[in-house]
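The structure under discussion appears below in the form of structure tokens.
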Amino acid sequence: MADTAKPRGTGRTGTRRRTARKEAGPTLNDEQPKVLLDYYRQMLLIRRFEERTAQAYTQARIGGYCHLNLGEEATVVGLMTALQERDYLFTNYREHGYAIGKGIHPRRVMAELYGRSTGVSKGWGGSMHMFDTEARLLGGYGIVGGQLPLAVGAALAVSYRGGDEVVMCQMGDGTTNIGAFHESLNIAALWNLPVVFVVINNYTGMGTTVEKSSAEPELYKRGSSYRMEGVRVDGQDVLAVRDAAADLVERARAEQKPFLLEAMSHRMKGHSVVDPAKYRSAEQAEEAKANDPVAAFEARLTEAGILTDELRQEIADSVKDEVADAADFAENSPHPEVSTLFDYTYATPVPNESSRMPADPVFAEQ
Ligand SMILES: Cc1ncc(C[n+]2csc(CCOP(=O)(O)OP(=O)(O)O)c2C)c(N)n1
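This is the structure we're talking about:
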């Protein structure tokens, strides 16, 4: 087990999260400027995409629940960079950035949010249920912990077929107290399945803190109950996340066994778009702001002379255009035909499948 993240100050009430001491993460020296700029662009794209999503939601262009990745951009990009194209991904409902990172076009992600037929899930899934077999994103789940047993099942299928794909299963910190977490880690370890379980520790499950809800708040240590190696990483540092995740993904592939990764993150806004996060102290909100991973990476690249003023403007403009294009695409896409409502419920047609449409009478006339 290893803790490579910055230490967390846990004061008596657990409200102070971090001490001032910073552990050194990976340096920029061995990195290609082009690659670093690409990470920066991806992080900025997710940031602007999510801001646009929040705006569209408050304008009632997007319905249902809507949870954003604001503040978690370094974690998202680091994790997605660590996966090979053939690897599978399961996430919770906070998945817009993951969908983009897994290679799904922002247009299709935005269109799904708008509930349009051009969306990732043809407009029937919405924010929490993006699913794309081609990109190997196997959901998007609204039930806390719902993705874990399914990820284990997918890894069992991979293992049974003798494949070399790895399954990454993302979740929040609150999820580690759900029964499915323990059942899934147990079976994955028992059956030597290639799953990397990733806990995004943004310190809060809705309004409840990790310290208030978890008897073992150092969540990466929970793997030890299942003899599963756990690693904690600084989720604000895209390079640290990438390195830690890539190491575990490749070890899961080579050694055919599961791992647990905990990424220490900050959620910059409320639990969902409509949550004003009043349970958070001004100090905590300030701390999240001070730990903005996009701003931090931007400053780091600027200091290293990799990001010039000109490049920053160029990237900002192209990201702005890409997000505007995604929103236009969504806005101008058609709604799905109601007759397709039942088409995607099961993989194959099943007998007794209900195909009653919303306005149909409950009992057909004789
Ligand atoms: C089984 C179940 N219980 C409760 C909920 C309501 N709920 C939605 S999100 C959430 C908090 C989960 O927090 P965490 O796992 O830390 O993820 P985060 O939202 O921080 O990404 C809860 C309790 C739910 N969706 N499913």
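Using the UniProt record's numbering, you'd call the opening residue of the sequence shown number 1 and step up by one each time.
All C-beta atoms, glycine included, are put in the ideal place defined by N, C-alpha and C.
Here the structure is a predicted model, which means the values were calculated and not measured.
Check for me: the beta strand (DSSP E) holding residue i runs from which residue to which?
i           : result
Val196      : 195-201
residue 367 : Outside the shown range of the chain (1 to 366) lies residue 367, about which nothing can therefore be said.
CA-CA distance, residue i and residue j?
i           : j      : result
Gly179      : Tyr39  : 35 Å
Tyr226      : Val294 : 35 Å
Ala244      : Arg161 : 27 Å
Lys22       : Asp343 : Bear in mind that the predicted position of Lys22 carries a pLDDT of just 49, short of 50, making it too unreliable to give a figure here.
Ser121      : Ile104 : 11 Å
Arg300      : Val35  : 14 Å
Tyr346      : Asp30  : 48 Å
Asp87       : Ala246 : 12 Å
Glu287      : Val338 : 46 Å
Pro26       : Ala359 : 58 Å
Pro361      : Pro336 : 22 Å
Glu134      : Ile306 : 34 Å
Phe131      : Met228 : 28 Å
His266      : Ala189 : 29 Å
Glu322      : Ser224 : 44 Å
Val195      : Gly142 : 20 Å
Val210      : Lys102 : 28 Å
Gly119      : Leu70  : 21 Å
Gln256      : Ala56  : 43 Å
Ala277      : Leu68  : 13 Å
Ala330      : Asp237 : 32 Å
Asn201      : Asp173 : 5 Å
Val233      : Arg94  : 20 Å
Gly163      : Ala154 : 11 Å
Glu303      : Val231 : 29 Å
Asn291      : Ile100 : 23 Å
Tyr65       : Ser272 : 7 Å
residue 367 : Gly78  : Residue coverage of the chain in this structure runs from 1 to 366, which leaves residue 367 outside it and unanswerable.
Ser213      : Ala285 : 20 Å
Ala316      : Asp309 : 11 Å
Leu89       : Gln59  : 31 Å
Arg52       : Ala324 : 8 Å
Glu298      : Arg41  : 10 Å
Ser117      : Glu50  : 21 Å
Tyr203      : Glu72  : 12 Å
Met171      : Gly146 : 10 Å
Glu216      : Glu262 : 13 Å
Ala254      : Thr348 : 34 Å
Ser62       : Lys289 : For clarity, residue 62 is Ile in the given sequence; the question names Ser instead. One C-alpha to the other measures close to 26 Å.
Arg107      : Ser333 : 10 Å
Ala2        : Val76  : 21 Å
State the CB to CB distance for the pair residue i and residue j, rounded to an integer number of angstroms; the pair is presumed to be in contact (CB under 8 Å).
i           : j      : result
Val152      : Ser184 : 5 Å
Gly97       : Gly115 : With 8 Å as the limit, Gly97 and Gly115 do not qualify as a contact, their Cβ atoms being about 19 Å apart.
Val319      : Leu44  : 5 Å
Val198      : Met168 : 6 Å
Met206      : Gly235 : With a Cβ gap of about 19 Å, Met206 and Gly235 do not count as contacting.
Gly140      : Thr91  : 6 Å
residue 367 : Thr176 : Here the chain comprises residues numbered 1 to 366, so residue 367 is not present and cannot be evaluated.
Leu193      : Pro258 : 6 Å
Val166      : Val241 : Not a contact, Cβ separation roughly 16 Å.
Leu260      : Arg312 : No, Leu260 and Arg312 are not in contact; Cβ-Cβ is about 37 Å, not under 8 Å.
Ala327      : Met128 : Contact doesn't hold; Cβ gap of about 19 Å is too wide.
Phe181      : Leu148 : 6 Å
Terminal residues of the continuous alpha helix (DSSP H) containing residue i?
i      : result
Phe90  : No alpha helix (DSSP H) contains Phe90, which is instead part of the beta strand (DSSP E) from 88-91.
Met110 : 106-113
Met80  : 73-82
Leu137 : From DSSP, Leu137 is part of no alpha helix (DSSP H) but of the beta strand (DSSP E) over 137-140.
Asp38  : 33-58
Ser159 : 147-161
Ala180 : 179-190
Lys212 : 210-213
His96  : 96-101
Beta strand (DSSP E) runs wholly inside the region 227-270, at least 3 long, in chain order: 230-234, 259-264
Unbroken alpha helix (DSSP H) runs of length 4 or more, entirely within the region 273-316: which are they? 282-290, 293-303
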